[in-house]
């Protein structure tokens, strides 16, 4: 069951400049940064608010670490902007199986590692009215320690 | 001060079909529908979660009511997908003035009426790393009655 907007994934050419834009314009501070080699991105998480399921909603700023990554190819085609949206769930495995059973293409056979130790998968945007949609189960500590 | 992700605005060709996709796939139910003639959209708000500032986060599904509306033109160019993101604030007037003072173009001279009686404005996407960004102050009853 999807219980929150977990994050909005925003692709950018220069992570440091984009982080600075969000800080200078809105006062948003970076909560966490990491490099995800599997996804081919360097990313910054900006926490915007807590959510009623005990989690939080973030902006996820994404800079590709290589041109042939999914985000790198998307940026070359589309320019900067919203790359995907992500819903939080306590059970990414169960929800993925349920959604696959409804005929929506789930891009990974098994969830992979996302931001801050989360487990994630993606749904095909062509099956979701043009929206690349991620499902996220946060690592146990993430939603409780901060 | 921006205190929540208020909504993600998603442009679609057929609102009823898109509402049904979100219901059938995720179990999301429509919270509110309306036509905004000034914006040229028919819209459905799907409430996803409550937020730590006492508000809520929604998906806002948008179907243009005329081809020459902003969303109609955007759809013709881009196809279905994420059209904008919106941050909630208690003071859209003050935050708009503050952000305009930082050199970011604010699209309206004065906030206009948005979903559920809210007051809204938009920031130019070219000044926001490609993201059309809305600022929203909810109508007083909206965040407290539901």
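Chains as they are written, first to last, in our numbering: chain L, 1 to 146; chain F, 147 to 292.
Backbone N, C-alpha and C fix where the C-beta goes; we use that ideal spot for every residue, glycine too.
Just so it is clear, the structure is predicted and the values come from calculations on it, not from any experiment.
Practice task
Throw me the rounded Cβ distance for the residue 156/F and residue 8/L pair, which I believe falls under 8 Å.
Solution key: Going by Cβ atoms, the distance from residue 156/F to residue 8/L rounds to 12 Å, so no, they are not a contact pair.
Practice task
Return no unless some Cβ of chain L is closer than 8 Å to the Cβ of residue 150/F.
Solution key: yes
Problem - Interface positions of the stretch 24 to 57 of chain L facing chain F (Cβ-Cβ less than 9 Å), listed along the chain - result: 24, 25, 26, 27, 28, 48, 49, 50, 51, 52, 53, 55, 56 and 57
Handout entry: Closer than 8 Å to chain L by CB, residue 167/F
Key = yes
Practice task
Give me the Cα-Cα distance between residue 276/F and residue 83/L, rounded to the nearest whole angstrom.
Solution key: 11 Å
Practice task
Spell out whether any CB of chain L is found under 8 Å from the CB atom of residue 219/F.
Solution key: no
Exercise for the section: Classify residue 50/L as helix, strand or coil using the three-state DSSP reduction. Expected result: strand
Problem - Residue-chain proximity (residue 266/F, chain L), Cβ-Cβ < 8 Å - result: no
Exercise for the section: Work out the CA separation of residue 80/L and residue 234/F for me, nearest whole Å. Expected result: 23 Å
Handout entry: CA-to-CA distance, residue 119/L to residue 113/L, given in whole angstroms
Key = 5 Å
Exercise for the section: From the DSSP output, in three-state form, read off residue 261/F for me. Expected result: helix
Exercise for the section: Return the CA-CA distance between residue 150/F and residue 30/L, expressed in angstroms with no decimal places. Expected result: 15 Å
Handout entry: Chain-ordered chain L contacts of residue 164/F [CB-CB under 7 Å]
Key = 129
Exercise for the section: Check whether the Cβ of residue 210/F lies closer than 8 Å to any Cβ atom in chain L. Expected result: no
Handout entry: beta strand (DSSP E) segment containing residue 4/L, residue limits
Key = 2 to 11
Problem - CB of residue 252/F within 8 Å of CB of residue 242/F, strictly - result: yes
Exercise for the section: Hey, could you find the ends of the alpha helix (DSSP H) residue 21/L is sitting in? Expected result: 15 to 26
Practice task
For residue 238/F, go through chain L and note every residue whose CB falls closer than 7 Å to its CB, in chain order.
Solution key: Those within 7 Å of residue 238/F in chain L number zero; the least Cβ separation is about 13 Å.
Problem - Nearest residue (CA-CA) to residue 232/F, options 192/F, 269/F, 187/F and 168/F - result: 269/F
Problem - Three-state secondary structure assigned by DSSP to residue 238/F - result: helix
Problem - residue 158/F versus residue 186/F - alpha carbon distance - result: 13 Å
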